Structures are given as C-alpha cells and as structure tokens.
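Those sequence lines, one after another, are chains A and B. FYI, the numbering for the first sequence is 1 to 698, going by the numbering used here. FYI, the numbering for the second sequence is 1001 to 1148, going by the numbering used here. From the three backbone atoms N, C-alpha and C, an ideal C-beta is built for every residue, glycine too. Note that the coordinates shown come from a computational prediction; the quantities given were computed from them, not determined experimentally.
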Amino acid sequence: MELNQYLEMFIEESKEHLQACSEHLLELEKNPEDLTIVGEIFRSAHTLKGMAATMGFEDLADLTHKMENILDAIRNSKIKVNAEILDVVFESVDHLEEMVYDIADGGDGKRNVQATVEKLKRIEAGEPATAVSEEPISSQEVAAAMVANEIEQPAEALELKLTYDDFEKTVILQSSEQEFNAYEITVALREDCLLKAARVFMVFEILEKNGDVIKSSPTVDKLEEEQFDSVFHVAFISKESAEDLQKMLMKVSEVDRVVVNKIDRDVFVTKTTATEVPAEEALPQPAVQETETAVSEEQPKTAAAKNNTSKSGHASSKTIRVNIERLDILMNLFEELAIDRGRLLSIAGDVNHGELNETVERMSRTMGDLQNIVLTMRMVPVDTVFNRFPKMVRQLSRDLNKKIELNIVGAETELDRTVIDEIGDPLVHLIRNSVDHGIESPEVRRAKGKPEEGTVELRAYHSGNYVFIEIEDDGAGINRDKVLAKALSKGIVTKEQSLTMTDKQVNELIMASGFSTADVISDVSGRGVGLDVVKTTIESLGGNISIESTQNVGSVFSIQLPLTLSIISVMLVEIENEIYAIPLSSIIETSIIRQSDILNAHNQKVIDFRGKVVPLVFLEEIFEVPRAVQNNDGLHSVVIVRKGDKLAGLVVDSFIGQQEIVLKSLGNYLTNIFAISGATILGNGKVALIVDCNALMK
Amino acid sequence: MTNATEQKNLKVIVFQLADKEYAIPVSHVKGIEKLMHITRVPKTERYVKGVINLRGVVTPVIDLRERFDLPVSGNEETTRIIIIALETMEVGFIVDSANDVLDIDASSIEQQPEVVGSLLEDFIAGVAKLENRLLILLHLDKVLNPID
C-alpha cells in the first residue's frame, strides 16, 4: 500500500489524539475516580495504536499498546490511579509525541523508550513504577528480576567507572568552574556489532565535535584494536547537556545504549557516591535488555481486540484541512474581484442606470461579507498553541517541586495561522521562565505569606488590530538590584546609565542579548539561552513584548502581535508618478520642511528634527526615479523613520495617506532588491513597492 | 527540460521579436497577456521592466528585446506579455507579438544555431525549419539567468 499520501493525515490525527490524551489525563488527575475519562483516553490511545500499526510505525504502536494496557487495567478497576502512575503515562505520551514529531520531520519514529516501557510494565504488574522497595511483591519471576536489576542500576550509575589521576581531576574541576559539564559516558555497542572500531571512531568523532575527551577505558589504542567486549567508558567535558549528548550518540548505528552521567564536583572531590545525587542526573537507562521483548509478546491482547469494534466516541468538529497556499490563491483572486468591483462602481456611477446601480451595490455588500470570510479563513484559535502548556506546567512543577496552577483565559482568541506557527516556542520559553524564576518554592512562598500554590495565568485577547498574549505570575517578580548588577557585570549598561533607569527599563534588560538572570543555569529555563531570543522572534513577527513586574508580587509579560502577517499598515507616498508604501511600524511622524531647513554635514544633507540631527534620504535618488519636471516649490515632504534608536528622514514628493495593504512577495526571480521588501496591489490594480526602511539606514 | 529535441513532437508558442520568430514550448507558457501597467522596480537589470499585477500575483516582466540586445521599440497594439512558468519562477516576457501555436516535428530541429549571428548563442536551444519559416527555440533557463 502506498502510505505516503496518508502520512500527513496520520501525523495530524496522531497529534490530535495525543492532545486529547494529555487533556484527559490532566482531567483525570483532578478526578481520579472518574473512569469515563479513562475510557476517553483509552479510545484515543487505541485509535492511535491502530493508525500507527497500519502506517508501519512499530515503535509507536508498541509503546501505545503498553500504555493502553495500563489504561485498560485502570478502566477495569484493577489498578488505582495515583500521581506516580499518571507520571509514567504522561511520560509515555511525551515519548509518543516525540515520535510523531520525528515522523513529521521525515524520521522513522524510532526512539529509545526502554525506561518508560519498564515502568509501564511494572505498573501493570501492580508494582510501584519507580522501584524503591527492597522486596518487590511480584507474581512474575521475570518482573521481579527486572525490578531487582533496576534497583542496582541507579546506585551503580553514580559510581565513577573510571579512575582519575590528579591531573585529570584538576582538569575536570577547572572545567566545571568554566561552566563546562564533566560527564562519564558509558557506551554499549550491540552484541552483533560487526565493525566495533568503526563505531568507536564515530562515537569519538561526535564527542570531539562537542567537547574534549579526557580519558577512556579501555584506552583509545585498545579500543581501536577492538580489544574490548562491547562496553566502553569515556570521561568527557562539554557544554552540551547530558540528554543531548545521549541523543547524539544514540544516532550512531549499532549502539545499543548510552548512559551519560554527570560527574558531580562534590561527589568527585569527596569521593562519596550514592548519597549526593547530582541534580541533573542522566536519563535512567535500565540495564534490562532482551528479557523485555519476550514479555511484551505475552501481554494480553484480548483487551485491545475486544475494543476494536467499539466506535470511537470522538466528537469530530466539522472542519476541513485546506492547504494554506490555496487560501492565498483564493485571496489573490478575491482582490482581483475587488478591483473590478471598484471599476464597476465607477462605471455604474457614470451610466446612472437604476437597476445597474442597485445590482452593483448589492454585489458590493456581498463582496464585503465575502472579504471578511476570506480574511478570517486563515485564522486559527490560539488554543492550538495553548493546549500543550497544561501538561508542560504540570511536568515542570513536579520537576521543580513547586506547586503551580495554570489558568488559561481566552484560548478561543483567533490569530493568523502563520503567526500561530511562530509563537509557540517563545511562549514555551516565557512560561518556563515564569515557572522557574518567577514562582517561588512552597516554603519561600509560605514565608512570604503567599499561598503555597503559585498561579500562572496565560491569557489572550483581541484589541484593535492586535492580539495580546499575556503571561502573568504571582511569583517573586524581578529583582531590580540583581538585574542591574548582572547587567553591569556583563557590560550591557554603564554605571551612569544604571542610575537613571526606570523600573520598566531595568525589567527589559532581562531581554537584552547575553543576559540570563539565573545564578545557576538550570535545565528548565534553557541552557543560558536568554529571553533575547524570545524578543527577537516576536519582533520578527511585527509584534513587541513588554514586562511589568513588582517585587514579591509577580510579573506580567505582555506580547502584542499583529492579527495577521499578510496585512500591514503603511503610509503610501508618491514620487513623480510612482507610489511606494512605507510600513507604519517604522514611521515616527511625517513633516513638511523648507529647502532652507536643510543643512549640510559632511556631504550629507541633514535636518534638525526636535533637536536631533537627522540625515535625509532622497528616495528619488535611491530609487533612480525618472524625473520629468523638477519640483521647485522649496518644500519637501519628509517621512521620519526609525531603526532601533536611529532616525532618518525619507524625502518624497507627497503623502497619499495611510492604508492597510496585503503583503506580497516579488517572486523568485527578483530576490534581494535593494531597499524593497515586497509589493502590494493598490485599489486601482497597480503594483506598489514596499520600502524596506531598515536597508536605508546603516 | 528545455531540450526540445528529446520529444518527437513539440507544441510551441511562436512569437515575433524584431524580424525573427522565436518559439517556447507550450508546457512552460501560463498565458499571454495584453500589455498592462508595469511598476518599475529600482536597482534591477536594465531588461527587467518591473512588475505587473497578474490576477493578484506580483509577476516580474522582462523585455526580451533588451535581454537580447535588440534595438528597443515603442509599444505597439500587438505587444504582448507571455507568462512563463519555470520551476518555481513566474516571469513575463515582453514580445512584439504572439503569432501562433505550432506543432514542430523533432526531426526539423537543428542543434547548431550558427545561422543567427547577432543573438547571444547561449539563449538558443535549437532552430526549426518549417517550409519557409525559421523558428528559434529558446533556452529558458539561460534567458532567465543573469549573464553577468
């Protein structure tokens, strides 16, 4: 069967089912007794499993199947829901999501999910997911063996597998002071690996690209001569996270498993092992191997089979997926029609025929409605982005041992699809920031007299031609002194500047590039990637972000975004007979100046604009506009534009006025035209070019 | 793609430029338009006349006379813009007139365009002789790529 044509549908539907799973799981956590919710989750999982199996994504189907077993057991009251079980199910959903995203990116959807599978199986066997008890109560001997194995594993993982001499210790200690991480990496090749030396080479190549190898056991020479079984250890320093390293190394084929353990400084210095667990422990990678697959075959399949016939109760909203390009074509055709309407209206006005007038008028009205529909067709509720946050916040609060409630307001607010696609990552970043740096730990909150549970509110609303998305937390707020001290130490502001800065300006410093308020870079808020990335992304969407914060009360991050990227407000100007559009977002104001106001500075014509020397840019020269008659009235129309804090005055013949225009590209033949960022079609059907003000200012 | 000789029969659009007739495979032609308002795009090649609004799509137009270094003529009643689609590009060619749609027998196409001296030979994919007409087959990739 040719499956490619169904792939897109599969991916979309899988995402929907996984989303449904997540939502229902969160619901279930609040109402653990409500078994109908379990039924919903089960159905989504079941459909997903069926689809994945049909499409040939075995790993995906397999993991779903195991998760389904748990759900089935819960549904049949064999297991009681608790937070621990939900954690594991959430973890499975996370893995499934990763797999689906991998498939969407053209991957094969394969992923190492051993750890989760183990947990799932233990739950199914009625044991605690994370084995802590000394004597696992087990009905199956295999399971017991696995649990025993699991207990040994974490203890073993902490012990250093390599021995280090003093020199190596110093290197590792020094590197950790320079914000490098030291790792001990254990790589196990598959038993049937044919070219062990080649795999070793590939592993080392990856490592050397990402950091420095301190030592290895066995030694590199021995490794090259294949004088080892299938496992080797490497001491390694890098700025990469353990998780990333693990992922990179797993990409080498014939590698069975990779365990990346961070060498904790303290552990290293004092030589203690199991007592001090490094905060960023590597992914648990149970040593259980082949036994696992055998057991999975024995899993009861009856439950799944029984439900094959039950129809999914998913209330499908009546929508249809349309390629966004088709919508663009529709929009283009519509504009063409709108132009003809204009022509018809004027002809009807000239002819002055009663019935014709009436018809044209009615057509106009219909077209107005049609225009609204065409424009709103690209709009998607912001919920499609928001819906992933409840699960994320849940996970974060568990990871950080904080109590956090996430409120979502206005998820139905609609936004252009292209904006929606871009806004997800910045929001993830901001929410993580609020949860990690904003909300305090329960103890601190109690001490401050706040409720233990912190609140993060995510809201969206329309206002004018903009959509606002706000993230508000009732956390610690921004510490002015701390931010200023950091900004000073990083050279972002000078001492003099820092004295006169308003609170708002200080708050905004946290979005300056190269700034990170965290004293310790944590995994949660990203490895030192600052909020400057968020700011840049939002600005590239034509929006902006502002911060309000009161210490110990909380912070509000407010994002303002245009409703759509394809419609922008411009000022139309005329030079000779040519019309150009200047984006309103760059314009500060317009003014008329006299020839005598123009000053000369270093061959550059400038004007004095409110006490500031502003260079003039004569657009007719830049654009080489052919002139028939010289303009001699001694007055110039100037549009003052800005780029950052720099100003320039664009000299034009006359202003036509402000207008909303539909942004169009110049196509693939004309790329990189100087100072032109695109084009639009005017009401008379002619093309007008959009001036790229940024290109005009150095 | 523009190598016309691989097919047995080739359907082409024939157009006039100065005193010669040229041909483009019909498969690359999206339409023939009357001359319409062209918006000049500054700082582009001399032969890029600007952009037009082609049913809502902003499409660049090239004056083929200027592209081929032929003497520039004023716009006549017969002047047409032939819209070409090549890969992901859409471009309009300004020509003196669009004359015909013809089927050419592949055997009548000759590879060596030595007959045409004045024209940059790079642009020519072949020459077809039809009774008393001589058609110059264009190499679209070359025409659309800047030479310098």
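Closest by C-alpha distance to Val231/A, out of Asn210/A, Leu245/A, Lys247/A, Glu184/A, is Glu184/A. Annotation: Asp1100/B to Ala1128/B spans about 14 angstroms, alpha carbon to alpha carbon.
Along the region 201-234 of chain A, there is no position whose C-beta sits under 9 angstroms from a C-beta of chain B.
A contact between stretches requires three or more CB pairs, one per stretch, nearer than 8 angstroms, and the region 1031-1042 of chain B meets this requirement with the region 1077-1095 of chain B.
Residue burial annotation: Ala487/A is buried, with at least 16 other C-beta atoms found within 10 angstroms of its C-beta. In the displayed model, His462/A falls within a strand according to three-state DSSP.
In the DSSP annotation of this structure, the continuous segment of the beta strand (DSSP E) that includes Ile1082/B starts and ends at 1080-1086. Here Ser44/A is buried. Its C-beta has 16 or more other C-beta atoms within 10 Å. In this structure, the alpha-carbon of Glu191/A lies about 20 angstroms from that of Val260/A. Unbroken alpha helix (DSSP H) runs of no fewer than 4 residues, entirely contained in the region 351-432 of chain A, are found at 354-376, 383-386, 389-400, following chain order. If you look at Leu60/A, you'll find it in the alpha helix (DSSP H) that goes 58-75. Around Asn332/A, the beta-carbon contacts reaching into chain B at under 7 angstroms are Arg1055, Gly1056, Val1057. If you check the CB distance, Val200/A and Val255/A do not come in under 8 angstroms. Nearest CB-CB separation between Leu396/A and chain B: not below the 8 angstroms threshold. If you draw a 10 Å sphere on the C-beta of Arg378/A, you find 16 or more other C-beta atoms in it, and that means buried.
The three-state reading of DSSP puts Pro442/A in helix, counting H, G and I together.
For Asp532/A, the uninterrupted alpha helix (DSSP H) segment begins and ends at 532-540. Taking the Cα of Ser14/A as reference, the smallest distance to any Cα among Gly611/A, Lys169/A, Gly109/A, Ile567/A is reached at Gly109/A. With a threshold of 8 angstroms between beta carbons, Val1127/B makes no contact with chain A. Residue pairing for Ile1104/B: DSSP places it in a beta bridge opposite Leu1010/B. In the DSSP secondary-structure assignment, Arg321/A is not bridged to any residue. Across the region 1081-1098 of chain B, CB contacts with chain A closer than 7 angstroms involve Thr1088, Met1089, Glu1090, Val1091, in sequence order along the chain. Of all residues in the region 652-672 of chain A, only Lys664, Ser665, Leu666, Gly667, Asn668, Tyr669, Leu670 come within less than 8 angstroms of chain B when Cβ atoms are compared, listed by chain position. The C-alpha of Val687/A lies about 28 angstroms from the C-alpha of Pro1071/B.
Taken atom to atom, the span from the alpha-carbon of Ala182/A to that of Lys239/A is near 9 angstroms.
Residue-level contact check: Gly685/A touches chain B, since one or more beta carbons of chain B fall below 8 angstroms from its beta carbon. Listed as beta-bridge partners of Gln659/A by DSSP are Val570/A. Chain-ordered, the chain B residues with CB closer than 9 angstroms to the CB of Ile676/A read Val1041, Pro1042, Lys1043.
The C-beta of Val1029/B comes no closer than 8 angstroms to any C-beta of chain A. With respect to Val614/A, Gly657/A sits apart: the two C-beta atoms are not nearer than 8 angstroms. When C-beta atoms of the region 593-605 of chain A are compared with those of the region 621-637 of chain A, three or more pairs fall below 8 angstroms, so the two segments count as touching. Boundaries cannot be given for Ala628/A, as no beta strand (DSSP E) includes it and DSSP labels it neither H nor E. Distances from the alpha-carbon of Gln19/A to those of Glu539/A, Ala460/A, Pro390/A put Pro390/A closest.
Judged by beta-carbon spacing, Leu561/A lies within the 8 angstroms limit of Ile423/A, meaning their Cβ atoms are closer than that value. Cβ atoms of Ile123/A and Ile172/A stay farther apart than 8 angstroms, at about 39 angstroms. Taken atom to atom, the span from the alpha-carbon of Met697/A to that of Thr1059/B is near 28 angstroms.
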